[in-house]
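Right, one structure below, let's go through it.
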Amino acid sequence: MEGNLEITLLMVITVVAGISAQVIADFLKVPSIVFLLLFGIAMGPSGFGVLHPSLLGNGLEVMVSLCVALILFEGGLNLQLREVEEVSTSLRNLVTVGALVTLFGGGLAAHWLSEFPWQIAFLYASLVVVTGPTVVAPLLKQVNADRQVSTLLEGEGVLIDPVGAILAVVVLNIVLQGNADPFTIVSGLLLRLGIGGVIGIGGGWLLGLFLKRARFLSEDLKNLSVLAGLWGLFGLSQALISESGLMTAVAAGIMLKIAALPEERLLLRFKNQLSILAISVLFILLSADLSIASIFALGWGGTFTVAALMLIVRPLNVLVSTWSSDLNWRQKAFLSWVAPRGIVAASVASLFAISLTKQGINGGDAIKALVFLTIILTVCVQGLSARWVAGWLKVRSDEARGAMIVGCNPFGRTVAHLIKSRGEDVVMIDANPEYCKQAKAENLTVYRTSALNMDALDNLGLASIGTFLTATSNSEVNSVLAQRVMEEFRPPRVLAVYPDQSPETEVAEPAEKLASPEVKRAFSSQLSIKEWNQYLSTNEVKITDTVLDIDEHKFKRQRDHLQALINAGTVIPLLVQRQDQLRIAKADEEWQPCDRITYGLHIPKPKFGLAIPNETMQVSS
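In full-length UniProt numbering, the protein residues as written are 1 to 621.
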């Protein structure tokens with residue numbers, strides 16, 4: 001019973017520490033792995049001695065395998081296949097030729113700088129071939145890099161993980177068995193990739209077919225069926241040939257993505273939550289099991305090895321892989337800088353250290369220490385500086401201009417005219433023939449099609465648009481459509497009109513039920529498209545500008561007065577221009593001095609000869 005209590009406390013502390021690290025990282029907007037590593041090391045035997053992962057015994061290896069499979073499956077499920085097609089050649093090169101460049105470059109660096117024996121040096125290099133979607137994906141959300149760069153980095157992170165992990169297993173077998181025959185290396189790699197891919201593709205297709213036809217299943221049970229199916233396919237693949245299950249997990253995730261399940265959004269949310277939990281638990285346990293003394297024992301040679309990997313091997317990898325691409329030097333430079341290692345490198349390194357120790361081969365602890373040093377330095381140096389580097393190289397998608405507006409109603413057309421008058425392109429979409437006819441008569445670029453047709457949106461140039469706005473009179477359609485576009489295309493800015501109270505239902509609906517945090521509420525929480533369409537049709541709206549004062553006291557007075565009018569529904573902010581950047585106003589916009597705000601002011605027509613007080617119409621003082 002005492003042993004069970006120790007394991008129970010171990011898992012409880014691990015989960016609490018892991019989720020706490022995630023919360024703190026999310027609050028500070030830094031990669032979560034930074035705090036996961038800090039918390040794990042601090043509570044492990046090298047720190048305060050609170051956590052002892054060795055209590056789990058072989059259970060740690062099982063937990064690592066199942067959690068890594070889940071993480072890779074989630075990565076495949078999140079892969080944006082439409083965008084991957086545009087950079088498929090460069091992505092293929094990064095996963096194949098680039099992996100070989102990293103293998104040989106990393107091996108040479110580890111041998112010459114860290115003085116590892118050749119076999120151990122190349123085993124280390126095989127472990128750091130992977131990057132890691134668990135680190136790259138959150139990082140790119142914070143950086144907001146342009147679409148081509150983001151697609152390449154995310155695609156590389158997802159696809160190279162199973163390739164790198166299987167390559168590492170092949171190299172480990174060579175170290176353990178002493179067989180370095182090239183045929184054995186290539187055949188072992190291709191066999192695992194092939195078997196894993198076939199089982200993943202076939203199993204993923206069958207799982208997608210089952211989910212589409214099993215209408216009797218509840219949403220929650222469908223999600224759990226996917227989890228059971230994933231682990232079942234992973235176990236089958238592992239039983240046939242070791243480590244092929246990693247490729248199975250990625251392939252199954254991609255196949256479910258292709259299946260376009262109606263419940264895909266709920267499935268993604270469920271798998272994302274499980275993935276966050278798995279990452280949190282694994283990083284805490286693996287870093288707690290790390291010996292700080294072994295990292296210091298590497299000396300400066302370990303630091304120089306990682307520096308060579310970051311500053312020489314990675315740029316060479318990108319240069320070779322993107323030689324014939326249309327990427328500019330700025331994009332290539334950013335790709336060269338951002339290659340943080342993540343959970344797959346850490347977990348496989350930990351398992352290898354155990355295997356080498358069991359076989360009586362020296363070097364297991366040194367490899368694990370150098371891999372974790374690589375993770376720490378790449379995450380801290382590259383991860384924390386990525387936003388600044390992206391801004392310096394001008395590869396952030398903040399610079400994307402223009403807008404695509406769904407909804408050719410009077411309100412949508414008004415916003416389109418305002419954006420067009422500022423020199424930016426606007427594309428409007430609606431299925432209503434009368435609205436489209438009116439938009440064309442007003443010289444607006446309009447297409448009559450369903451906004452739910454993702455292929456049509458792609459053909460209309462959504463991939464290069466800075467802002468996507470849904471402004472139909474149905475708030476739920478707005479939020480669902482905006483969420484779909486965010487998942488499919490990930491534009492820099494996605495906004496939807498949905499008031500606190502749905503005019504269709506007259507029932508207050510929480511915003512979080514209508515859209516994800518990535519989809520921002522447009523204009524105001526008080527906005528009703530139907531009402532303002534009526535106001536515009538009867539000429540009861542005045543469009544005007546105001547510039548908020550730079551003086552602190554005047555600014556606060558203007559801001560508070562403006563916010564009061566917005567809350568009252570009298571004023572609807574439409575555009576905000578800040579430091580030469582034009583944006584559609586968000587409902588939670590934080591006004592700043594010198595902001596130029598374009599807004600609509602509702603001026604009701606006088607009834608029975610009553611006049612409207614002038615002070616109500618004054619926004620600036």
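We treat Cβ as the ideally placed atom computed from N, Cα and C, and that holds for glycine.
For clarity, every value in this text was computed on a predicted model and none was experimentally measured.
Would you kindly work out how many angstroms separate the C-alpha atoms of residue i and residue j, rounded to a whole number?
i: Ala345; j: Thr248; result: 18 Å
i: Leu610; j: Thr544; result: Bear in mind that the predicted position of Leu610 carries a pLDDT of just 46, short of 50, making it too unreliable to give a figure here.
i: Arg422; j: Cys408; result: 19 Å
i: Ile258; j: Trp300; result: 47 Å
i: Val170; j: Gln177; result: 10 Å
i: Val446; j: Ala349; result: 55 Å
i: Glu61; j: Pro340; result: 23 Å
i: Ile603; j: Phe27; result: 42 Å
i: Glu219; j: Gly155; result: 28 Å
i: Phe35; j: Leu373; result: 15 Å
i: Trp205; j: Leu418; result: 47 Å
i: Ser225; j: Lys271; result: 12 Å
i: Glu615; j: Arg557; result: For Glu615, the pLDDT reaches just 40, beneath the cut-off of 50, and the residue's location in the model is therefore unreliable, although a value from the coordinates is still provided. If you take the alpha carbons of Glu615 and Arg557, they lie about 14 Å apart.
i: Met428; j: Glu540; result: 24 Å
i: Leu38; j: Trp532; result: 52 Å
i: Glu487; j: Leu495; result: 13 Å
i: Ser242; j: Pro315; result: 32 Å
Which first and last residues belong to the alpha helix (DSSP H) in which residue i is found?
i: His52; result: Run containing His52: none; DSSP gives neither H nor E here.
i: Val34; result: Ser32 to Met43
i: Pro593; result: Note, Pro593: premise wrong, no alpha helix (DSSP H); not H, not E.
i: Val306; result: Gly299 to Ala308
i: Gln119; result: Trp118 to Leu127
i: Leu469; result: Note, Leu469: premise wrong, no alpha helix (DSSP H); beta strand (DSSP E) at Thr467 to Thr470.
i: Val348; result: Ile343 to Lys358
i: Val62; result: Gly59 to Asn78
i: Gly412; result: Pro410 to Ser421
i: Ile529; result: Ile529 to Ser537
i: Lys605; result: Unbroken run through Lys605: none, as it is neither H nor E.
i: Glu476; result: Ser475 to Glu488
i: Asp326; result: Asp326 -> no alpha helix (DSSP H), and no H or E assigned at all.
i: Gln238; result: Glu219 to Leu240
i: Gly106; result: Val97 to Leu113
If I follow the unbroken beta strand (DSSP E) through residue i, where does it start and stop?
i: Tyr599; result: Arg596 to His602
Could you check what DSSP says for residue i in three-state terms: helix, strand or coil?
i: Lys394; result: coil
i: Ala145; result: strand
i: Val23; result: helix
i: Tyr498; result: coil
i: Lys29; result: coil
i: Thr89; result: helix
i: Asp455; result: helix
i: Arg493; result: strand
i: Ile551; result: The amino acid at residue 551 is misidentified as Ile; the sequence shows Asp. Correct three-state label for Asp551: coil.
i: Arg213; result: helix
i: Asp161; result: helix
i: Lys264; result: With the sequence shown as reference, residue 264 is identified as Glu, and Lys is not the correct amino acid for it. Note: Glu264 maps to helix in three-state DSSP.
i: Leu610; result: Because the pLDDT of Leu610 is 46, which lies under 50, any placement of that residue in the model is unreliable, and the number read from its coordinates should be weighed accordingly. Here Leu610 sits in coil by DSSP.
i: Gly569; result: coil
i: Ala511; result: For Ala511, the pLDDT reaches just 44, beneath the cut-off of 50, and the residue's location in the model is therefore unreliable, leaving the point undetermined.
i: Gly461; result: coil
i: Ala293; result: helix
i: Met1; result: At Met1 the pLDDT is 49, less than 50, meaning the model places this residue with poor confidence; the figure from the coordinates comes in the next sentence. In the structure shown, Met1 sits in coil (DSSP, three-state: anything other than H, G, I, E or B).
i: Pro517; result: coil
i: Gly155; result: helix
i: Glu434; result: helix
Can you give me the Cβ contacts of residue i inside the same chain, cut-off strictly under 8 Å, excluding the 5 residues immediately before and after it?
i: Phe352; result: Leu123, Leu127, Ala168, Leu172, Gly364, Ile367 and Lys368
i: Ala293; result: Ser46
i: Leu274; result: Leu70, Glu74 and Leu227
i: Pro117; result: His111 and Gly363
i: Gly132; result: Gly157, Asp161, Pro340, Arg341, Gly342, Ile343, Val344 and Ala345
Short of 7 Å in beta carbon distance, which residues of its chain neighbour residue i, apart from the five on each side in sequence? Order them along the chain.
i: Asn4; result: none
i: Ala308; result: Ala109 and Leu113
i: Gly208; result: Met255, Leu256, Ala259 and Leu261
Please confirm if residue i has its CB atom under 9 Å from at least one CB of chain C.
i: Val23; result: The chain labelled as chain C is not found in the depicted structure, where only one protein chain is given.
What does DSSP give as the partner residue(s) for residue i in the beta ladder?
i: Thr544; result: Tyr599
i: Leu575; result: Ile584 and Thr598
i: Val426; result: Ala403
i: Ala522; result: Lys586
i: Tyr447; result: Ile429
Going along the chain, which residues of its own chain have a beta-carbon closer than 6 Å to the beta-carbon of residue i, five neighbours each way excluded?
i: Val318; result: Lys332, Leu335 and Ser336
i: Gly188; result: Val170
Just to check, is the beta-carbon of residue i closer than 8 Å to a non-hydrogen atom of the ligand ATP?
i: Arg213; result: Of the ligands one can find in the structure shown there are none, so the ligand ATP has no counterpart to examine.
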